[in-house]
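Q: Pasting a structure below so you can have a look.
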Amino acid sequence: MALVSPKRVLDLVKVRCAIFGTVFNPKNERLGNKVLRQKLRGSALASYYPRRVVTFKDLKNLYPGFELYDEKEEDRLEHIQLLKARGKGAPKKLSAPAEAKRGAKKKK
1 MALVSPKRVL DLVKVRCAIF GTVFNPKNER LGNKVLRQKL RGSALASYYP RRVVTFKDLK
61 NLYPGFELYD EKEEDRLEHI QLLKARGKGA PKKLSAPAEA KRGAKKKK
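Numbering (full-length UniProt numbering), first residue to last: 1 to 108.
Spelled out as structure tokens, the structure:
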């Protein structure tokens, strides 16, 4: 029984890929075609989550004349104040590049 030459087998694989619409990859490299062939999921994920409803900030911006009380925001500000009183708050922002250089540590 005669063996078929490797060139002939490659030509056959090329034709098969052209007929069935697959990717010709004779070196078996990882091309990511499996991921690229998958159906896109963006619209399904977007429709899963409900649309955003009006937030308190939106109401405050719509009606600036009204004095509205945002309990969550007040709690957040109070929490930040307590942290700062204990010395656990966020560090102060540097206003100039010279201050940034002065605060930087030197590497040895």
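All C-beta atoms, glycine included, are put in the ideal place defined by N, C-alpha and C.
Using 7 Å as the cut-off, classify the Cβ of GLU71 as near or not near the heavy atoms of the ligand PLP, replying yes or no.
A: The ligand content of the structure shown is nil, which means the ligand PLP is not present either.
Q: Cα separation between ALA96 and LEU82?
A: Whole-angstrom Cα-Cα distance: 28 Å.
Q: Of the choices TYR69, THR22, LEU12, whose alpha-carbon is the least far from that of LYS57?
A: It is TYR69.
Q: From what residue to what residue does the alpha helix (DSSP H) around GLN81 run?
A: Residues 71–85.
Q: Between the alpha carbons of ARG51 and ASN61, how many angstroms are there, rounded?
A: Roughly 20 Å separates the two Cα atoms.
Q: What does a CB cutoff of less than 7 Å around LYS84 pick up in its chain, not counting 5 residues either side in sequence?
A: The answer is none, since no qualifying residue turns up.
Q: Would a C-beta distance cut-off of 8 Å place VAL9 and CYS17 closer than the cut-off?
A: Cβ distance not < 8 Å, so VAL9 and CYS17 don't count as in contact.
Q: Can you give me the start and stop residues for the alpha helix (DSSP H) that LEU31 sits inside?
A: Where LEU31 is concerned, there is no enclosing alpha helix (DSSP H), given that its DSSP letter is neither H nor E.
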